[in-house]
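Using the working numbering, you'd call the opening residue of the sequence shown number 1 and step up by one each time.
All C-beta atoms in this analysis are idealised placements derived from N, C-alpha and C, irrespective of residue type, glycine included.
What follows is a short report on a single structure.
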Amino acid sequence: MSTAASIWSPLRQPAFRGLWLCGAAFFIGNGMQVMVAAWLMVEMTGSSFLAALVQTAVFLPMFVLALPAGVLADTTDRRRLISMALVAQLVASALLAVLALGGWGGPASVLFLVFVCGCCLAMLTPAWNSSVVDPVPREEWPQAITVISIAYNAARAVGPTLAGLMFTRLGAGWVFAVTVLTTALMWESTRR
């Protein structure tokens, strides 16, 4: 068996493959949401500072909540923690979509809802990272982690690209709606 084939071997497990595909879609949706929130901020205010603040609203929760989220991932039901965080993110993303589609959202509401989504992502990440390899035999964990990393890093390029295409053609609201769909897909995959 070639080395390249062994990297993808965890995808032979149907449960892992489903989590991997849904996770990739979720990562793409998050990348789209962050990029469009920043563009929307520039469009609404013309302020590069507020656009940069969107990035802070997304990533500050990771810095602040990483340790408590890791403790929760180790001491509580991971599936329930992931599910609760995804439901909260689903609600926040849906509100972003409705506000943007209706033209009712302002800079404060966008920043707040992006911050909520950042908090949700910070809370679910340790639990997701430690449970995503559960369906894979232990000897394939390194390959599973590699495949998950490939999906995540590819999403960091694909998400903003898709966001740019959709934003210019359809507007921010529809990009946020896609994020709602990808989050719902991820939530559904964790319930199985």
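Alpha carbon to alpha carbon, how far is residue 47 from residue 166? 22 Å
Leaving out five residues on either side along the sequence, give the residues of the same chain with a beta carbon under 8 Å from the beta carbon of residue 171. 100 and 101
With DSSP collapsed to three states, give me the class of residue 76. coil
Thinking just about the alpha-carbon of each residue, which of 133, 79 and 137 is nearest to the one in residue 148? 133
Compare the C-alpha of residue 71 against each of 123, 86, 32 and 50 and name the closest. Comparing Cα positions, the closest option is 123.
Do you know how far the Cα of residue 86 is from the Cα of residue 62? 15 Å
Measuring only the C-alpha atoms, how far is residue 163 from residue 19? 23 Å
CB-CB length for residue 54 against residue 38, believed under 8 Å: 4 Å
Of the listed residues 77, 84, 16 and 116, nearest to residue 57 (C-alpha basis): 116
So what's residue 164 in DSSP terms, helix, strand or just coil? helix
Quick check on DSSP: helix, strand or coil for residue 89? helix
Quick check on the DSSP output: the alpha helix (DSSP H) that includes residue 42 runs from which residue to which? Its alpha helix (DSSP H) spans residues 14-45.
Do the CB positions of residue 52 and residue 42 come within less than 8 Å of each other? no
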